[in-house]
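Same order as they appear, the protein sequences are chains A, B and C.
Going by the working numbering, the residue at position 206 of the first sequence is 206; the numbering climbs one at a time, nothing skipped.
Going by the working numbering, the residue at position 189 of the second sequence is 623; the numbering climbs one at a time, nothing skipped.
Going by the working numbering, the residue at position 200 of the third sequence is 1094; the numbering climbs one at a time, nothing skipped.
Notes to accompany the following structure.
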Amino acid sequence: MNNSPTPNPAPAIDKVRAGLARRRAAEKRFRAYGLSGIILGLAFVATLFLSIISQGYTAFFQTEVRLPITFDPALLGIPANAPDQKALSTADYDALVKHSLAELFPKVTQRRERRQLSDLVSGGASFELRGMLLSDPSLLGRQVEVWLPAGDDVDMLMKGHFDRNAPESERRVKDNQIGWLDQLTGEERLVQRFNTTFFTAGDSREPELAGIWGAISGSFYVLLVTLSLSFPIGVAAAVYLEEFAPTNKWTDLIEVNINNLAAVPSIVFGLLGLAVFINFFGLPRSAPLVGGLVLTLMTLPTIIIASRAALKSVPPSIREAALGVGASKVQTIFYHVLPLAMPGMLTGTIIGMAQALGETAPLLMIGMVAFIVDIPQSMFDPATVLPVQIYLWADSPERAFVERTSAAIMVLLAFLIAMNFTAVLLRKRFERRW
Amino acid sequence: MQPTALMIVLLVITSAAYFFGRRRAVSAAGGQPRYLNSLPAYYGFYTSLWSGLPALVVLALWLTLDSSVITHLVVAGLPDELRNLPASRLSLVINDIHNMVSGNVVSRPDDPVMLAAAERYREMRTLSLAALTVVVLALAAAGGAFAWRRIHTDLRARNAVERMVVLVLVGCSTLAIFTTIGIVLSVLFESIRFFQAVPLTDFLFGLSWSPQMAIRADQVGSSGAFGAVPLFAGTLLISFIAMLVAVPVGLLAAIYLSEYAGPLLRAWAKPVLEILAGIPTVVYGFFAALTVAPLMRDWGSALGFHVASESALAAGVVMGIMIIPFVSSLSDDVINAVPQSLRDGALALGATQSETIRRVVIPAALPGIVGGILLAISRAIGETMIVVMAAGLSANLTANPLEAVTTVTVQIVTLLVGDQEFDSPKTLAAFALGLLLFLVTLVLNVIALYVVRKYREQYE
Amino acid sequence: MNANREVLCMEPELTETPIGVATPVTPTTDTMPRRASVGRDVRNTVGTITVPNPRMEARDVNVFYGEKHALKGVSIDIGAKEVVAFIGPSGCGKSTFLRCLNRMNDTVSGCRVAGQISLDGSDIYDRKVDVVPLRAQVGMVFQKPNPFPKSIYENVAFGPRIHGLVNHRNELDELVEASLRRAGLWEEVKDRLDQPGTGLSGGQQQRLCIARTIAVSPDVILMDEPCSALDPIATAKIEELIDELSQNFSIVIVTHSMQQAARVSQRTAYFHLGHLIEVGSTRDIFTSPQHELTEDYITGRFG
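In structure tokens:
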């Protein structure tokens, strides 16, 4: 058995030493590949965030113009004393803006130039003036200095998104308009202020009037429906599968099903929602209720999987102790196991909710992609959600919508990061090692 | 009574039932709860379940079915010439009636027939609500009373309540099955209708896709071409580019993190990479369409290539970035599952770390990695928003990544977004594409999950 | 990560006694007759740690896992073509010391080795030393058989391939066959070399791991409880194999089984709570231990 020649040890180790330099170089190369994989991944994250923040941060400011506005009944076309509510709300507020601009720039007389002049101020200025007068009728006949939003082109120019030095024919803001703007700036009538409209308004065709509040409300109602359905159902399903279910073909099937549903493309859930909830049950299109139902089905697998993991991590000794003092199985689970598993379940639920908040594709299928100006007041009103709003704005041609899209993305990401951070904190705070 | 109000009343009744049930149990035991079979609260739950559940089931069923039943009755009452309209026209009429009922603007506000129908609809709705109120409240009261009468000291209330609880749990866990069935049925029915208009072979093997050609709704025969091969090709092209980005980067990152990185880098780089996984796809779509695609077009023209502004390359690369954390975290799990003893074995023979990884760890982890990549491919195929925003609409049959291609998901969205007639082949085609998408991803997922599971069992 | 190399001066925590000098027998309540002459509280190594022709020499080796001082001032020689057995109760540091001998402790994070270990006179913890040739010279067989999930042939060919020991396929075939023969596995597997190594029985797997180790022609083979996962028949085969291999290799074996140490080794070292308590010829250790702790362990009073 031991008749094979003994290999001479010296040559072997010499051969090993001979190859060392080559192998060390290969080792270094491989390490470098791995490191470059990480760096590339991190660089992608950085690029994505930098590109969105650099495009979007300006949207949090809005150029505004200070105009001396005289609430002149004659201009408004209403009776001077005690006009009724209806007259006030249908009056011609545009005329006030035009008149004020004409007084500031008395040299502008041509029809075309006057139109260019009134383009400096947003079309939404008249709504603001109407609001002022409606809430305080005593303004009638008086002159006040009012800050009004500038038009989106002016806003873009002031923020430097339009090149002042480009040839006039390629520029949306013409030379004479730039002259007026410079004059207004000189008179301290043109400044950038915090853009409250962006956070309080619904959607609009005019970028300077468009806001995300409508979409946020829509997202809120959708998530409300999703949360109130998927959390109890998910936890119940997890409890059954982990604590009660016998091991047989049927539970195997359920398990395979859940794992598979977690990987089904989200758009397929949209098709389901369209065919079942809208066409079969006749629920209203574009309603947060339907969106919430679809997202419930979508996030359920995530929640069930996380909740099962949480239940698994509760040691059997807890169950045995409770059963040992005569508690029923249901009592054991509801009074002893569930409270211990709750942090894990909540973490999974928050992650599922974050997933639902960012979801777009299935909601396009059920009509949540409509242009909706009004802010939804219930889960039956037509609504859109934040990601869909981003999708809609990303499609809009106006330059000003690019920054608003980026800003909406920043808001969405802020929500998501806050949710994930909460989940991490929750896990850290309640993590137990048995 | 409005359904919401009815629900609130029902809630009040069940709470009252709980209270009365509990009290009766205690008094049946002569004020000594220890003589009861179960804790007093269980008698309360028992009573309120009896009063609430049947009423709730009836309420739910009624609300689901009532609008279609009423519509059916109203249509039955319409004059013959309206009733015998083709299905699509009839649905317009029904829509009009619905709109009139809810006070919206309609196309024929003054048609007396329509007005009468709307009036009938309104009456029936009122009637239905009234009937519902009576039935639900009666059921709640009857159920509560029945349970209340049955309460005595030997009633095994806890067992009854717990049986109900378990039933509810079972119901919740079967929802997954119903979801799958729902998906299959909802896409299958419409797909079958589609394949009645367009032969299956034309759909699967046709080389031309142009569903937009239908000019009039009744022009069924000439409504464009439905050959889906260009869509498959486009989907595969973009997914392939995505995998070219995601697999090497994700895999290398996972290897570095699990085998080389110190605890500090691991603690920071891993969550940062996972941020990529948490970013909504619409954000990637925006990034692809507004940042990456123009960049590639500029670079391309600087190098003398013509790059389409909706090139497959831009969409694919960004999709790849999205999938990186998916690949890396799955591979990380799988690599960590390789037992340390195998690494020790190789290292003890004098292998360098990279030799250990390449020749022992990776081959050992390969099944798991392949499973993870399959899941990633399934994800790439089903990804929607990036391609909707950054890929093209026209179906090009090309393998050139610099040109614009379209994908299955893009077509589903384009065909279904906006107002569509529900039975035109154009709309139905979306469901056929959905069916296909579901089947392909299902097969990929099942294989991948099986492979990963087998792999895990091997080292457990 | 390389372990920090520091030579620490050990604090004399316990009574200093010159090596080999008999100390008075400590009074004991035990009724058994005692022959050991060194008291239980003595922690210096008793017996001769040196050999005439050493391959490896360890001097004052200390190992720390983070804050934990796992090995305290161990000094011992490993001679050429001898079998040394390390015995001692669980957690005594014998495996830790074994892993120091081919720097396998480098892979454990937070592990720091201080002291001096040399192979053929050169320090293996020197900064300039590459672990690759070191481990090619000092091979290791683990507690649980760990064949790679590859074919039997590839398992044995792994070492020669990565080290570039052979130039032709024929040479490799010969080397694989020779290694399997010397591990006593050839006859059992020669018809299924292409089948996975994980499909073999436990004892066969362990012999495959030994074949894998000797394929790179090491000078020293470290065995970390190689039979603890095996049945008695497989254990007997491995022991027989160790005996044969000792004609060509130095072998260090960690074992829990005193019988095994007695059967296979020429010298035995007894470890206790991180200290090397006693070294001597196997016969002496088992028949006339000098240290009371050794005697306690040998006679089964604890361990």
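Beta carbons are placed, not taken as given, at the ideal position from N, Cα and C, and that holds for glycine.
Keep in mind the model is a prediction, meaning the values are calculated, not measured.
{"Asked": "Test: R23 (chain A) CB closer than 7 Å to a CB of chain B", "Found": "yes"}
{"Asked": "Whole-angstrom C-beta distance between T1149 (chain C) and I981 (chain C), which should lie under 8 Å", "Found": "6 Å"}
{"Asked": "T613 (chain B) beta carbon less than 7 Å from that of L297 (chain A)", "Found": "yes"}
{"Asked": "Length of the line joining the Cα atoms of K98 (chain A) and P149 (chain A)", "Found": "14 Å"}
{"Asked": "C-alpha distance - Q116 (chain A) paired with D153 (chain A), whole-angstrom precision", "Found": "11 Å"}
{"Asked": "Span separating the alpha-carbon of N895 (chain B) from that of D252 (chain A)", "Found": "Residue coverage of chain B in this structure runs from 435 to 894, which leaves residue 895 (chain B) outside it and unanswerable."}
{"Asked": "Coarse secondary structure for M379 (chain A), derived from DSSP in three states", "Found": "coil"}
{"Asked": "At least 3 beta-carbon pairs within less than 8 Å: the segment 471 to 479 of chain B vs the segment 521 to 533 of chain B", "Found": "no"}
{"Asked": "Residues bridged to W180 (chain A) [DSSP beta-bridge criterion]", "Found": "None, per the DSSP bridge assignment."}
{"Asked": "Beta-carbon neighbours of T614 (chain B), restricted to chain A and to distances below 8 Å", "Found": "N257, N260 and L261"}
{"Asked": "Contacts of I689 (chain B) in chain A (Cβ-Cβ under 7 Å)", "Found": "G34"}
{"Asked": "Proximal residues, the segment 1050 to 1080 of chain C versus chain B, C-beta separation under 7 Å", "Found": "F1052, G1053, I1056 and H1057"}
{"Asked": "Chain-ordered chain B contacts of M1034 (chain C) [CB-CB under 7 Å]", "Found": "A782"}
{"Asked": "Rounded Cβ spacing between I758 (chain B) and G684 (chain B) (contact assumed at less than 8 Å)", "Found": "5 Å"}
{"Asked": "For P83 (chain A), three-class secondary structure by DSSP", "Found": "coil"}
{"Asked": "Cβ of V632 (chain B) within 7 Å of any chain A Cβ", "Found": "no"}
{"Asked": "Any chain C beta carbon closer than 7 Å to S692 (chain B)", "Found": "no"}
{"Asked": "Status (buried if at least 16 other CB within 10 Å, exposed otherwise) for L698 (chain B)", "Found": "exposed"}
{"Asked": "C-alpha gap between L876 (chain B) and S328 (chain A), whole angstroms", "Found": "40 Å"}
{"Asked": "For F637 (chain B) and G668 (chain B), believed in contact at Cβ under 8 Å, the rounded distance", "Found": "Not really, about 16 Å apart at Cβ, beyond 8 Å."}
{"Asked": "Endpoints, the beta strand (DSSP E) within which F194 (chain A) is located", "Found": "L190 to F194"}
{"Asked": "Proximal residues to V847 (chain B) (C-beta, below 6 Å), its chain only, five neighbours per side dropped", "Found": "V822"}
{"Asked": "Buried versus exposed call for L129 (chain A) [16 or more other C-beta atoms within 10 Å across all chains shown]", "Found": "buried"}
{"Asked": "Rounded C-alpha distance that separates G1093 (chain C) from Q787 (chain B)", "Found": "26 Å"}
{"Asked": "Cut-off 8 Å between Cβ atoms - residues of its own chain near C903 (chain C), not counting five sequence neighbours on either side", "Found": "Residue placement at C903 (chain C) is flagged as unreliable, the pLDDT there being 38, under the threshold of 50; the coordinate-derived value follows with that caveat. Excluding sequence neighbours, C903 (chain C) sits near nothing in its chain."}
{"Asked": "7 Å Cβ cut-off: residues of chain B touching T226 (chain A)", "Found": "Those do not exist, as T226 (chain A) stays about 14 Å from chain B at its closest Cβ, beyond 7 Å."}
{"Asked": "Any chain B beta carbon closer than 7 Å to A1030 (chain C)", "Found": "yes"}
{"Asked": "Sheet register partners of Q1010 (chain C) (DSSP bridge)", "Found": "C:R953"}
{"Asked": "K1022 (chain C), enclosing beta strand (DSSP E) - first and last residue", "Found": "Segment: none, K1022 (chain C) is in no beta strand (DSSP E) and carries neither H nor E."}
{"Asked": "Assigned secondary structure, A463 (chain B) (DSSP; H/G/I helix, E/B strand, else coil)", "Found": "coil"}
{"Asked": "Cα-Cα separation, T70 (chain A) to L133 (chain A)", "Found": "11 Å"}
{"Asked": "Cutoff 6 Å; reference L764 (chain B); Cβ partners in own chain excluding five residues on either side", "Found": "G806"}
{"Asked": "Three-way DSSP call (helix, strand, coil) for A210 (chain A) in this model", "Found": "coil"}
{"Asked": "Residue burial classification, F628 (chain B) (beta-carbon count within 10 angstroms, cutoff 16)", "Found": "buried"}
{"Asked": "Nearest to G816 (chain B) (by Cα), restricted to the options B:Q774, B:V804 and B:L871", "Found": "B:L871"}
{"Asked": "Neighbour-count burial assignment, F127 (chain A), 16 or more Cβ in a 10 Å radius", "Found": "exposed"}
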